[in-house]
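Working notes, beginning with the structure itself.
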Ligand SMILES: Nc1nc2c(ncn2[C@@H]2O[C@H](COP(=O)(O)OP(=O)(O)OP(=O)(O)O)[C@@H](O)[C@H]2O)c(=O)[nH]1
Ligand SMILES: [Mg+2]
């Protein structure tokens, strides 16, 4: 039977997901290495894939900073326009840096395709992934706040489309009206969030005096996978960015020791500022944790950069002083990528020990190397974490020998 005969949910879903094809555009500044930029653009491509678009071509240009009007130089813009004209299936151009309203409408006029910047793309993915009222409200708030300062530039474009002359007066007025609508909406969303936050706060208080452990880290490093392994739960994990948006908290009991384990949204480079702001309440779980498990994808070539991004974000949240265990995950993938068949087992073990040693010097935290999917070295992770939790309980309840 052909697909056209399928009715109901499945068919509808298929129709909604008509394949979009895109190009990516990035500017390389002087102090960035080419390989670094290519990896950043790989990440942008991964974001595009997560949002459902297939990347046709990547354009880069070396310049000190993006052009205020055209983003890339005029020659490069011509090249991009030519490409888009020759490839009719391309309907979307994604830019690696944030665009002003003006740049956005100018580029749209020249390239005649949908223009999306990095923040908009991330916000779009977040909007699609948001499940709870809290996440939905947070994303909408961030979207509105992102839009507000860009409104004028976007409007100029609309005015021109309508003929311009004679439109300036009403146009201005409409910008003001739109601004007011957006400001009102922002105020409303903030109020709604406050209410949700209060409920969440009460919930957190009701959880009593258990030690709280949070999984933090860059997106797609395996936080949810580890959450499932450690708490035997069923949290959504997927090889896409931002699989998790809402915080999940589970009570875990090891032997007789109870604690709370939470999994939360992953971090990423250049995470839109408004998004961090509006996700602050979701991230309260991190801020109020006693122990952080900082998960790192050791097989990712940019893992050092990822660690820095996570540390900076934790710093912004005021959670950088927390007791931390660094968990280097995906060692199986690391071996697959970097070890050749001729290495004997002993050498492999030695290399992994050296890496671990290097990390211990580089970061002032204890660490373990594991594979969450292959369940490798989980005993060491568990016993190290358990000891850390016991220590926290002892600090909190110094006069009790065993509080659980
Ligand atoms: N090879 C390998 N893959 C892993 C390992 N741990 C997780 N993965 C895979 O990595 C992908 C991302 O895992 P998630 O658990 O969704 O990652 P996350 O950190 O929760 O991601 P976000 O919620 O998107 O921030 C999935 O496809 C997992 O199967 C591991 O130890 N080895
Ligand atoms: Mg996750």
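Residue numbers (the working numbering): 2 to 405.
Ideal Cβ positions, reconstructed from N, Cα and C, are used throughout, including at glycine.
Residues of the same chain with their beta carbon placed closer than 7 Å to that of residue 392 are lacking, with the five preceding and five following residues left out of the count. In this structure, residue 26 places its C-beta atom within 8 Å of the C-beta atom of residue 81.
Rounded to whole angstroms, the separation of the alpha carbons of residue 342 and residue 279 is 48 Å.
If the five residues before and after residue 100 are omitted, its C-beta is found closer than 6 Å to the C-beta atoms of 118, all from its own chain and listed in chain order.
In the structure shown, the three-state DSSP call for residue 91 is strand. With 16 or more other Cβ atoms inside 10 Å of its own Cβ, residue 266 counts as buried. With a beta-carbon spacing of about 6 Å, residue 290 and residue 214 fall inside the 8 Å limit used to define contacts.
For residue 330, the enclosing beta strand (DSSP E) stretches over residues 324-330. Not a single heavy atom of ligand 1 lies less than 7 Å from the C-beta of residue 379.
By a beta-carbon distance limit of 8 Å, residue 68 contacts residue 74. Their separation comes to about 6 Å. Boundaries of the alpha helix (DSSP H) around residue 102: 102-112. Following the DSSP letters along the chain, one finds residue 234 in no beta strand (DSSP E), marked with neither H nor E. For residue 368, the secondary structure class from DSSP, reduced to helix, strand or coil, is strand. 8 Å or more divides the Cβ of residue 389 from the Cβ of residue 364. DSSP lists 72 as the bridge partner or partners of residue 68. At least one heavy atom of ligand 1 lies less than 7 Å from the C-beta of residue 330.
Judged by beta-carbon spacing, residue 300 lies within the 8 Å limit of residue 338, meaning their Cβ atoms are closer than that value. The criterion of a C-beta distance shorter than 8 Å is not satisfied by residue 243 and residue 310.
The region 100-113 makes no contact with the region 36-54: fewer than 3 CB pairs, one atom from each, lie closer than 8 Å. The same chain holds no residue with a CB closer than 7 Å to that of residue 359 once the five nearest residues on each side in sequence are set aside. Within the region 21-63, the complete alpha helix (DSSP H) segments at least 4 residues long are 35-52, listed from N- to C-terminus.
For residue 121, the closest C-alpha among the options 384, 94 and 383 is that of 94.
For residue 84, the secondary structure class from DSSP, reduced to helix, strand or coil, is helix.
Contact between residue 132 and residue 246 holds: CB atoms are separated by about 7 Å, below the 8 Å threshold. In the DSSP secondary-structure assignment, residue 243 is not bridged to any residue. In this structure residue 344 is not in contact with residue 217, their Cβ atoms being roughly 33 Å apart against a cut-off of 8 Å. As DSSP reads the structure, residue 249 sits in a beta bridge with 264. DSSP links residue 258 through a beta bridge to 255. Within the region 373-403, the complete alpha helix (DSSP H) segments of 4 residues or longer fall at 379-397, listed in chain order. Per DSSP, the unbroken beta strand (DSSP E) holding residue 295 starts and ends at 292-298. The Cβ atoms of residue 263 and residue 249 sit closer than 8 Å to each other. Residue 223 places its beta carbon less than 8 Å from that of residue 296. Residue state for residue 213 is assigned as strand, using DSSP reduced to three classes. Selection 367, 285 and 90 evaluated against residue 135 yields 285 as nearest (Cα-Cα).
Only residues of its own chain outside the window of five on either side were considered, and among them 38, 61 and 63 have a CB closer than 6 Å to the CB of residue 29, listed in chain order.
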